[in-house]
Each structure stands twice: as structure tokens, then as C-alpha cells.
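What follows is one structure encoded as C-alpha cells, with my remarks underneath.
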Amino acid sequence: QSSVELYGLLDVGVEYVNHAGDDGGSLARVISGGKNTSRWGIRGSEDLGGGLKAVYNLEGGILMDTGAADGALFKRQAYVGLDGKYGRLVIGRSFTTTYDLVIKFDPLGFAPNYSWATTGGATGPSKYGMTTSFDNMVKYTGKSGGFTYGASIGLGERAGNANEGRKIALGGSWFGKGLGLMAACEQVNGTTVAPAIRRDRTNVCHLASDYTTGDWRYTAGMRAYKLRHGAAATADLRGNTYWGGITRVIDDVTLTGAVYHIDTRNLPAGQDADPTMFVARAMLALSKRTTLYVSAAHAKADEGQLVGLSRDDAGTGTTQSGITAGIQHRF
Amino acid sequence: QSSVELYGLLDVGVEYVNHAGDDGGSLARVISGGKNTSRWGIRGSEDLGGGLKAVYNLEGGILMDTGAADGALFKRQAYVGLDGKYGRLVIGRSFTTTYDLVIKFDPLGFAPNYSWATTGGATGPSKYGMTTSFDNMVKYTGKSGGFTYGASIGLGERAGNANEGRKIALGGSWFGKGLGLMAACEQVNGTTVAPAIRRDRTNVCHLASDYTTGDWRYTAGMRAYKLRHGAAATADLRGNTYWGGITRVIDDVTLTGAVYHIDTRNLPAGQDADPTMFVARAMLALSKRTTLYVSAAHAKADEGQLVGLSRDDAGTGTTQSGITAGIQHRF
Amino acid sequence: QSSVELYGLLDVGVEYVNHAGDDGGSLARVISGGKNTSRWGIRGSEDLGGGLKAVYNLEGGILMDTGAADGALFKRQAYVGLDGKYGRLVIGRSFTTTYDLVIKFDPLGFAPNYSWATTGGATGPSKYGMTTSFDNMVKYTGKSGGFTYGASIGLGERAGNANEGRKIALGGSWFGKGLGLMAACEQVNGTTVAPAIRRDRTNVCHLASDYTTGDWRYTAGMRAYKLRHGAAATADLRGNTYWGGITRVIDDVTLTGAVYHIDTRNLPAGQDADPTMFVARAMLALSKRTTLYVSAAHAKADEGQLVGLSRDDAGTGTTQSGITAGIQHRF
């Protein structure tokens, strides 16, 4: 028994943002993936007997406003592996253990319009983010009752030094009785920077909880981010991201409110941006596969620093407000 | 109820053209998409009840001679939208209203081998063409009896100025009693060119008619093209394209003859190319999905100007003749 | 009657190689396509009656360690054609006649980990290889009893000179009573190099045989490679590749041992690398579609020349050893 599924998620909308240009001008644009990144893919499994399955997935992102691929052809997923009673082991390119765990604890589910749960929109020295995917990955995921746990390694593939460029993520979550708890950490090794004798290295850890009761859901999470520079005399770069949100389901409508805040640290006087973003979203399910949504957000930074709603586009003002109306279809 | 369809159109052939090099040499080559651009895609719809459907399409072009993508992955189509009794509204990347309307009034259906209904093969200052697709598009299409009408907008996405880079197309057609009529216009705003105080802008309008009686079909169309330069002292660039064709169906064979002519205008003395192309094509349907075809064409330009049969390749002589034998399969 | 099939072959593993860096360091890496190149594609056929079919195939390679396309989107296959009692004729991009014939006579089936049947891993002046694919291809394949024969041409597409850049391959094989025999040659014309009056040209011929009896299979093959330089005073570049292998099937396990050797010729004193690679592989079929495998190889070069196991990566030592453990799934 085996299966092949051609699937996708197409999400388009129109966004209006202010403070979008250097002169403070506003902007209307067609956006792709406001609620979830637009994608297409092929996936399936084969029953090998004894509870063992071969599993595979190819998945690429799509920029629906131009029709272009969002990065490499199958940059989101390109793996094969085995899934059985001892867990699931896949090799190739895939999301990190961190990504898999944190997404369940973001009230906006990593929505580009608008969430900072993966990376912030600050245009200071860092986005204080996590690593969503590894190349050269071996990933293990296990389950036991309400527990899900796992580890990912992305090989550095540098001759003579297995630590150089190596990436590791691990963590776990527990769900039961409406409550969810999660912890996830990662360490990303960079490259030794001459004349330094050590490599730069990023350490990122998350803690989060989630509680659902009736039509209401309450979510809170945090990330501690630290970049140790390879250059010995350079101070660590640190930032803590905090978020919280409330979601209410009323028949086919889902309402979400959330706040994201980054406590930027160790910055010189006058640059401590400490950006905050407030988000509200209403979704109307036309069917299980088709959803209309409206998202609105406002971001602000302290000390006259620049900030943007987007995780990708640099901010050009000390505040930015935006609203997106979109449609999403899954096939 | 929802559906996913994986589909494509693969069109390959061998073309022989003379006057293909600077030394006048001829050329045999494998071509992709002689009759219709080779493509593959994913499309489908979901019934949302009350006559409303969610619709989507991802489609990319293929260069069958090398296996490469013809531009971005889903450059031909990447949209999601709704279709119902009030019409069809889609967002993303798609063909313009102009493209959708004009293609029904080209006797060769935009065939790269050989039609100038989208753009000409002149190698003067312009191809005097229309815009086939918009990025950042919102497109509406309505129907009422024999009438089809619509409008497309491609957002310019420049902060502070919604007119900069904005593209608009609109038009309609009517079919009834064997007769078809069409009008379609577009305006494409460029960018303000310093030190000019206005932006360059292209205005293009089409008129066409089509008449089918028994096995015969008669088609005639025209396009008026005007480019207003952003530099104030520069004269407008103008060209009118005219075409006409006759098609006869004899069982599984379809014969088509057509002429395309561009009246290039406002050009300096000795550069008024006024190119003309004569085309003949025979198609044999092996099935509903598989077709063999032979196309032949001859193009010429006045005043010793260069001309080419192709809309893409620059001409290298004052005349060019070519013949293509191809096969097309749809799946 | 027509069909559309979405299919793929996903092959990932982890490889350990020594002598992988300039300092002799070793390397662990995730590899894609150890046993067969990872790929995905769309293929099908339509019955046109009278034994005639329309056939088509689109196929692209995948680098599973990063999710990137391995070259152009459908670089492996992009063709349409007809298949009937007089043979099969396809146009577009596809594998050469040489590739189609030789692959059946490589005990490792062109496995990147590890076979030199397509090209060698020498890092001298050449890889002494064959041409796996042609752009601008017209390919004919015929069958008669145990005979398979064919010819491919890749048009050079240079105006005024049909010989410039033209590629030709032809050959045949016979299988019967457990025995297989094959001969295949190709000629690849380059471009005339000024001030030379002739173009460079590669001529490559193969001979091979294969014998299967019970669970055992014995394979031997060779390739004679000659590059005639366009520059008249430059000596031809020559190299003969020889290989042999034994395969044994024991229930779900397939064991293969093979040796590849390149007799590099016409090289200056002290550069005659004459590289050799020894390979052993064990495969375990978990199902018809899913296979686990372990491959190991050792390559060495004479005269202190560099050599690598890989056909793609340059060697950095005079020997290299490697071992790969992988999983392959076909869908």
C-alpha cells in the first residue's frame, strides 16, 4: 500500500501599510502567504508492515504575487525517512525541531501578516530569531502519550572539523486536558573568524504554554536569544522575545488578538529599540479548505529606532501600521 | 466537493529559418511551443455552496528544448479567487484582461510560430505589443449572455505613489450567431524619469471581429499602440498593428492563413520599417489531445530595416522565412 | 485513453569520506541520490489507435540535502513524441542513446555513490566521460526481438553551420538467454577555436557485456575516449575506462562488487594518474519501492595525482575512501 498526494496551500491578499518608504509614504500591495506561506508539494507514505512506514515529502514555497518560487524548488521540505513504533527518522531538508514545536504555541501560527514568533521585525543589529530549517538534516521525532519530543542535526559538512557550521535543535511538548507546555533549544555554529580563535555561535531557547477551554484559547511564549561573536572582544548580542495571545472561536469565525515584544539587550545607549507589535485577526471559514481573513497590526520601537511589521522587509519609520485582507485555499 | 488537476500542454518541433545569423546563414533548431507555449500546472475548484466556488491555478512555462522553466516557476498563473453569480475575482499573478480577450481574435491563437498578435517581430525601437500578464494583480471577469467583460489591475507597489508603475487593463467581447466582437484597452504606467516631471506611459487599445460560418472562420483585428516618453521633449512612439486570417476545418485537418502588419509611425526618415508577416498553417488532429502541425511564414520590412519572424529573437535581415513541423500533446 | 502519472525517486543518505579537504580532513555529509539521482516528474501516454501512442515525460533532479532543483526544472526529461510499431521518436530534452544503452551494463547503474561508468573522478585534464543528455534533441529508438537500437541528435543551432556544436549518439544492445551485449558511440562537435581552422571534437565509444545465471550477474564494459583539440598543434586527449562487476541476489538482499579503472593516455611524464576505484554495495529491499543500502569505495591514483570518489567533486588526495548509508523510495 502506498500513496501519492499532490497538495498545496495558496494564500493571497491585499495589504495596506503606512511608513513604507523613506519619505514615510504608504503602500498598497498584493501579498502572498499572509496567514500561511503559500506552498505546493508532493507527499506520501508506504506501509512496510509491522507498523513501519516509508515517508516522504517534497514542498516548495510560492510567491503568489509574481508566481516565482520562494527560494529553491523544494526548499520547505525534501526528505525521505521511516516512521514506526520507535519514532520517525527523516533525512534531507526539513523544518527544525524548534520550528515544529514552537508553531503550536504561536497564537498566529507564524503568519507573516503578522507574527514575530519566528523572527522580529526590528531593523537593529539582529532579528533575534530562531532557525526554521536545516540543510543536510537528520531529524528524529518521537511520541509517547501526550509527549512529543525530537532532535535535529544539520551537518556542517566542512572537511576536518565536524563542529564548524553544525546546527542542532532539540525539545519537546506535552498536551493534555486543554493544557500545552513546550521547551525547545537550538545551537547554530558559525565559522571561525580569523584572527579569532573561536567560532561565532547562536544559542536560542523557547518556553511556551497554551490553554484551551471551550471556545477560548490562551497562549504565551518566550525566546531567549544569544549570539556569541567569533571576534573575542565583541560583546554577546542578546534579545528576549515575549508573546501572548487570546483566540476565540464563534461558529465559522475565529478571532485572535496577540502582542509580540522584543527586549533588546546589551545595546549602546540610544539604540535599545525594544520593539512591540499588536495584532488582531478575524478569520471566516467558507469551508474546511477555504478561509477569508482580515489582519491588522501596529508596531513601534523606542529610542527613535526603525521598526517594521514584516519579518523580511526593513522598517523605515519608528512605527508602522498595516491591514491585510486575504483568502486562503488548501488543496 | 473539491478537485485537483495536474495538467499540461507539451509542444515541440523542428524549425528551419533563413537569414538567422549576421552573415545571413540559415538555422535548424528544436523549438518549444510552436503552436502554444509549453506549460504544466495544477488547478482546481471547490464548491462553496450557493453557486460560489473557490478557484485556483498554478501554471509555469517550459522550454522543451532544454527542459528549463520559461521564467519563474509559476509565472503563467499563480492565483486564488472566488467565482460566482456576480463574476470571478482572482488575486495573484495571471494573464491580463487584454490577453484573455485578444487571444480569441487571433487566427493563430498567439502561436509563437507564427503570430504577431501579442507583439511584433520588428527590431526597430519597439515591438508595439500588449501586456500579457501582470504581477500583483487583482482581476475581475463577468459574464452575461454572450457578453464577457473584465478589468485587471497590477499594483505598482511604490511607497507614497499608487500611480507609479500601476498597470490597468479592461475590455469586453460579445459572441452570438457566429459573430464575435471585441474591444480591449490597457494603460501601463512606468516610472518618473528625472529630470522629467512626468512618468512614461503606454496606452494600447484593440478592436477585433470574428465570423464563423460552417467550416470557415474569418478573423480581423487591430491594435493601436502609443508610448508617451517620460522625457518631455521626446516624441510619442506609435505603431498600429493590423491582422486578418481565414481558417477552414476539413475533418481532422485545420488550415489557417493569416497576415500581420505593423504600421510603424513617427519614425525618422529611412527607418519606417512597416513590417509584414504572411503565415500558413496546417494542423492534423490525431486525437483530441494530440496534434501534428506544419507552419510556414515570411516576414519583410521596408527601408532596409531588420525583421524577424520571432517575437523574441531580434531579426538579422530585411526578410526572413521559416517553416516549423511540430507535435503538441495536452494532458 | 490517456494517463498522467506523478512519480519520483527520492534517495538520501549520510556519507563519510576521508581526504576531503586540502589538509586531508575527513567529512560527514548528507548526500542526495547515492544509488540513483533523486528526481520527480510527470509522464504519460495516449493511445492513438493502430498501435500508435503519444508519449511524454517531464522530469527534474532534486538535491535532497538542500531541496534545490538539480539544474534546470525539467533538465532530466522534457519531451513529446510518438511510439509505435516502427519505433519511438521523441523531440525535446532527454537522455542520449549512449546513456540509455550503457546504464544496463554498469553493475552499479550509474550510482553517484559509487560508479565511474558515466565519468571518472580523476582531477587531471579530463573526466574521460560520455554525454548523458542532449539539448535540442531528436531521438529514435527501435526494438526487434532482443535487439534495441537507436540514434540521438542534438542540434547545434548555430546559424550558417549545422556541424558547429552538433551532437550525435548511436548504438544498440542485444539481450537473450541471460546474455547481454552492447555497443554505443557518440560524437560531440565543439566550436571552432580561432586561430584554429577546425573545431574541437569528442569521440566516445563503448563496448560491454553482461551475463546473468541464477542469482549471479557478471558485467564488464569499456569506453574509449578521444578529444581532438581545435588548436591544431595540441595533442589529442585520450583515456580508456574499463569496468567490471559481480552482483548476487539473496532474497531481499543484493550484493555488488565492482572495479572501475581509467587508463589515462598521452599525458606528460609524471601525470599519468591511471585512477582506479573499488566498490562494494549491499542493498536491502524493504518493499518494491523502498530500499536501504550501504556502499563503500576506495579510489587511488598513480604518480601522486589527485583523485576523488565523486564524479562531481575534485579530489584533494592521492587516495580517497568513503562509505554511504542511504534510503531510497520510489513513488
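Residue numbers (this note's numbering), protein chains in the order written: chain A, 1 to 331; chain B, 1001 to 1331; chain C, 2001 to 2331. All C-beta atoms, glycine included, are put in the ideal place defined by N, C-alpha and C.
Within chain C, no residue has its beta carbon less than 9 Å from that of V1253/B; the closest one is some 16 Å off. When only Cα atoms are considered, K1053/B and G60/A end up about 25 Å apart.
Below the 7 Å Cβ cutoff, chain A contributes no neighbours of T2319/C, its closest Cβ being approximately 15 Å away. Take V1138/B, set aside five residues on each side of it, and the residues of its chain with a beta-carbon closer than 8 Å to its own are L1089, V1090, I1091, S1152, I1153 and L1155, in chain order. For H2329/C, the beta-bridge partners assigned by DSSP are L2010/C and T2290/C. Close to A69/A, with beta-carbon spacing below 8 Å, are these residues of chain B in chain order: A1072, L1073 and F1074. Between I1246/B and G1257/B, the gap from beta carbon to beta carbon is short of 8 Å.
Every unbroken stretch of the beta strand (DSSP E) spanning 3 or more residues and falling wholly within the region 2003-2091 of chain C is given here in chain order: 2005-2017, 2027-2032, 2039-2049, 2052-2063 and 2077-2084. Taking 8 Å as the CB threshold, S287/A lines the interface with chain B.
Chain-order list of chain A residues neighbouring L2010/C: Y56 and V80, by C-beta distance under 7 Å.
DSSP, reduced to helix, strand and coil, places I1103/B within a helical segment of the structure shown. With respect to the C-alpha of V2017/C, the residue from R2330/C, S2310/C and R2228/C having the closest C-alpha is S2310/C. Among the CB atoms of chain B, none fall inside 8 Å of the CB of R265/A. For L2048/C, the closest Cβ of chain B is nearer than 8 Å. Ranked by Cα distance from K1177/B, the first of F1110/B, G1304/B and S1209/B is S1209/B. Of the candidates G214/A, R265/A and G150/A, the residue whose Cα lies closest to the Cα of Y225/A is R265/A.
Sequence-distant partners of F175/A (beyond 5 residues in either direction) whose C-beta falls short of 7 Å from its own C-beta, in its chain, are G146.
In this chain, the beta strand (DSSP E) harbouring T2264/C covers V2253 to R2265. By the rule that beta-carbons nearer than 8 Å mark a contact, I2042/C does not touch chain A. In the DSSP assignment, the residues bridged to I1250/B are V1253/B. Listed along chain B are E1046, A1054, Y1056 and V1080, each with a C-beta nearer than 8 Å to that of H329/A. Inter-residue distance for Y2099/C and G2308/C is about 22 Å (C-alpha atoms, whole angstroms).
Just so you know, the alpha carbons of G165/A and V2030/C end up roughly 14 Å apart. For L2284/C, no chain A residue has a Cβ inside 7 Å of its Cβ, as the nearest lies near 11 Å away. Scanning chain B for C-beta atoms nearer than 8 Å to the C-beta of D2100/C yields nothing, as the closest lies near 17 Å away. Note on V2253/C: under 16 other CB atoms within 10 angstroms of its CB, so exposed under the neighbour-count rule. A direct Cα-to-Cα measurement between L9/A and A1111/B gives close to 32 Å. Annotation: the continuous beta strand (DSSP E) that includes I168/A extends over K167 to G176. For V2188/C and M2130/C, the gap between their C-alpha atoms comes out near 10 Å.
Look at T98/A here: in three-state DSSP terms it is helix. Residues A1028, R1029, V1030, I1031, T1324, A1325 and G1326 of the same chain have their beta carbon placed closer than 8 Å to that of V1014/B, with the five preceding and five following residues left out of the count.
In the three-state scheme derived from DSSP, where H, G and I count as helix and E and B as strand, L1237/B is classed as strand.
Look at M2064/C: its C-beta is under 8 Å from a C-beta on chain A. Nearest neighbour of Y2211/C by Cα position, chosen from V2012/C, G2244/C, A2280/C and L2179/C, turns out to be L2179/C. Residues are counted here when their Cβ sits less than 8 Å from a Cβ of chain B; for the region 2154-2165 of chain C these are L2155, E2157, R2158, A2159, G2160, N2161 and A2162, given in chain order. Here the alpha carbon of V2004/C sits roughly 14 Å from the alpha carbon of Y2079/C.
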